[in-house]
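One structure is given below, encoded as structure tokens.
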Amino acid sequence: MTKEEVLKKYFGYDSFRAGQEILVNGILSGRDTLGIMPTGAGKSLCYQIPALLMPGITLVISPLISLMKDQVTALNQAGIHAAYLNSSLTQGQYQTALRNLIQGRYKIVYVAPERLLTESFLWAASQIEISMVSVDEAHCISQWGQDFRPSYLKIPDFVEQLQVRPVVSAFTATATAEVREDIAAILGLQDPVTLVTGFDRKNLRFSVKQPADKMAATLAYIMEHPDECGIIYCLTRKTVEEVHNALVGRGFSATRYHAGLSDEERRENQEDFIFDRKEIMVATNAFGMGIDKSNVRYVIHYNMPKNMESYYQEAGRAGRDGLPSECVLFYSGQDVVTNQFFIDRMEAAEGMDEETAALVQERERERLKKMTFYCFTNECLRAYILRYFGEYGDNYCGNCSNCLTQFEEKDVSETAKNLIGC
Ligand code: ADP
Ligand code: MG
1 MTKEEVLKKY
11 FGYDSFRAGQ
21 EILVNGILSG
31 RDTLGIMPTG
41 AGKSLCYQIP
51 ALLMPGITLV
61 ISPLISLMKD
71 QVTALNQAGI
81 HAAYLNSSLT
91 QGQYQTALRN
101 LIQGRYKIVY
111 VAPERLLTES
121 FLWAASQIEI
131 SMVSVDEAHC
141 ISQWGQDFRP
151 SYLKIPDFVE
161 QLQVRPVVSA
171 FTATATAEVR
181 EDIAAILGLQ
191 DPVTLVTGFD
201 RKNLRFSVKQ
211 PADKMAATLA
221 YIMEHPDECG
231 IIYCLTRKTV
241 EEVHNALVGR
251 GFSATRYHAG
261 LSDEERRENQ
271 EDFIFDRKEI
281 MVATNAFGMG
291 IDKSNVRYVI
301 HYNMPKNMES
311 YYQEAGRAGR
321 DGLPSECVLF
331 YSGQDVVTNQ
341 FFIDRMEAAE
351 GMDEETAALV
361 QERERERLKK
371 MTFYCFTNEC
381 LRAYILRYFG
391 EYGDNYCGNC
401 SNCLTQFEEK
411 DVSETAKNLI
421 GC
């Protein structure tokens with residue numbers, strides 16, 4: 001079977017999405033592979049399809065029991081022999097699954113990282129042909145990421161103990177250079193095919209402004225966008241309160257969200273916004289995780305956030321429905337000071353030694369610097385964002401405050417302006 005036939009037969013799709021094919025080909029040519037794509041881009045297929053075409057078994061390392069279950073259920077429904085090995089199995093079930101594995105009953109096996117170096121699993125692994133070890137959510141191996149899992153460090157040790165080195169592939173949605181370098185280095189990827197793709201959100205217009213009066217600028221923006229849903233992110237609870245009061249005082253349909261409110265109130269306010277009972281959400285970064293509201297027309301950053309990761313994640317909550325939407329950042333020098341203050345006060349994460357904690361802090365300062373550069377750069381903001389995340393493309397989007405300003409400075413004719421849609 002060809003990879004296209006597998007795609008159609010088992011998954012029901014006619015064509016690969018951007019990037020998938022390159023990664024599938026990389027693996028099938030026997031090379032280590034690193035795929036970085038946003039959530040929902042379709043990373044699973046990138047290892048599942050080659051897994052079905054390779055001669056031996058593919059082991060997939062995944063951090064969450066629920067993720068493994070979902071994936072295995074879906075594969076089984078598609079008629080693929082797959083199973084998982086993790087702590088949700090009883091001892092008896094686990095032994096049975098190991099026996100099946102050795103007897104070649106599975107093509108794809110999801111394994112919890114904690115299991116890899118156990119005696120029973122190592123023994124089973126020595127009895128089978130392993131074509132590939134695929135690491136899902138690979139950022140969990142990096143201490144710089146938010147989701148560091150020490151058990152992921154067992155993966156390279158495990159691979160080392162195999163008699164024949166399989167292809168190692170790794171996938172994540174975390175695109176920063178530090179995390180990416182960590183993944184490749186710690187997993188020991190050998191000259192990997194690396195692909196970063198799909199982070200561009202074409203319907204979003206980015207702009208940076210440095211208003212003398214942020215409150216006035218915010219009010220002006222909202223008045224120019226009546227009947228639209230928007231989120232206003234602030235750095236502190238205090239600022240959330242100020243902005244929220246100002247909006248409500250002027251009769252705008254606004255609500256608020258931050259960690260200082262009771263669970264009950266947070267839930268109510270969130271629902272008011274989600275179900276369109278309130279148009280504007282004023283919030284700290286505590287708001288937004290897992291929220292999938294499609295018709296957010298603008299995200300205003302009342303303050304510059306601490307880094308580009310946070311910025312893009314928060315701004316990216318605009319325009320989920322694909323319609324044109326705006327991401328406006330109101331910058332001021334005080335924002336840098338506030339963020340620096342937060343970094344200075346950072347405490348070491350649990351189980352992290354002092355030296356690492358100091359390094360993490362240092363990197364946070366670096367990230368803050370790059371966030372600040374974003375506010376000052378003259379180049380295309382979209383290009384700046386994408387390059388930050390490792391994706392290279394055009395240096396001119398024609399639809400961000402920098403591209404549009406340069407355009408105006410060149411005093412181009414109305415016709416040309418219409419042509420690029422501004
Ligand atoms: P990720 O792991 O990158 O977050 P998933 O692998 O869970 O994403 O895939 C997200 C969704 O996209 C799934 O429903 C999957 O079936 C679908 N998908 C993946 N590849 C394709 C494709 N080539 N064509 C259509 N749908 C696809
Ligand atoms: Mg995934």
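Numbered by the UniProt record's numbering, the letters in the sequence shown go through residues 1 to 422 in order. Note that the Cβ used here is the ideal one computed from N, Cα and C, for glycine as well. Predicted model, so just to flag it, every value in this text is computed and none were measured.
Can you find a heavy atom of the ligand ADP that lies under 8 Å from the Cβ of residue i?
i	result
residue 17	yes
residue 68	no
residue 171	yes
residue 7	yes
residue 211	no
residue 392	no
residue 45	yes
residue 341	no
residue 20	yes
residue 42	yes
residue 11	yes
Three-state secondary structure (DSSP) at residue i?
i	result
residue 420	Its pLDDT being 30, under 50, residue 420 is placed unreliably in this model, and the value from its coordinates should be taken loosely. Coil at residue 420, not helix or strand.
residue 327	strand
residue 398	coil
residue 209	strand
residue 108	strand
residue 288	coil
residue 386	helix
residue 198	coil
residue 333	helix
residue 132	strand
residue 15	coil
residue 338	helix
residue 308	helix
residue 188	coil
State the Cα-Cα distance for the pair residue i and residue j, rounded to the nearest angstrom.
i	j	result
residue 384	residue 374	7 Å
residue 405	residue 382	14 Å
residue 241	residue 359	34 Å
residue 261	residue 270	12 Å
residue 449	residue 390	Given a span of 1 to 422 for the chain in the structure shown, any question on residue 449 remains unanswerable.
residue 232	residue 119	53 Å
residue 38	residue 189	21 Å
residue 9	residue 53	13 Å
residue 333	residue 51	51 Å
residue 423	residue 182	Only positions 1 to 422 of the chain appear in this structure, which leaves residue 423 out of reach.
residue 335	residue 84	47 Å
residue 305	residue 4	43 Å
residue 344	residue 303	18 Å
residue 172	residue 251	44 Å
residue 44	residue 31	17 Å
residue 106	residue 209	56 Å
residue 224	residue 217	11 Å
residue 174	residue 206	21 Å
Pull the bridge partners of residue i from the DSSP assignment, please.
i	result
residue 235	Bridge partners of residue 235: none, in fact.
residue 229	296
residue 174	Residue 174 is not bridged to any residue.
residue 301	233 and 329
residue 82	108
residue 283	233 and 257
residue 343	Bridge partners of residue 343: none, in fact.
residue 169	33 and 134
residue 193	33
residue 57	130
residue 359	Paired residue(s): none; residue 359 is not in a bridge.
residue 204	325
Taking 8 Å as the cut-off, is the beta-carbon of residue i closer than that to any non-hydrogen atom of the ligand MG?
i	result
residue 39	yes
residue 147	no
residue 136	yes
For residue i, would you say it is in contact with chain C, using Cβ-to-Cβ distances shorter than 9 Å as the test?
i	result
residue 283	Absent from the structure is chain C; it holds one protein chain and no more.
Is the beta carbon of residue i within less than 8 Å of some heavy atom of the ligand ZN?
i	result
residue 396	Among the ligands modelled here, namely the ligand ADP and the ligand MG, the ligand ZN does not occur.
Open item on the list: Count Cβ pairs between the stretch 194–206 and the stretch 12–26 that sit closer than 8 Å; are there 3 or more?
Closed with: yes
Open item on the list: For the pair the stretch 276–290 and the stretch 307–322, tell me if three or more CB-CB distances fall below 8 Å.
Closed with: yes
TODO: Check whether the stretch 163–172 touches the stretch 88–101, taking contact to mean three or more Cβ pairs, one atom from each stretch, closer than 8 Å.
DONE: no
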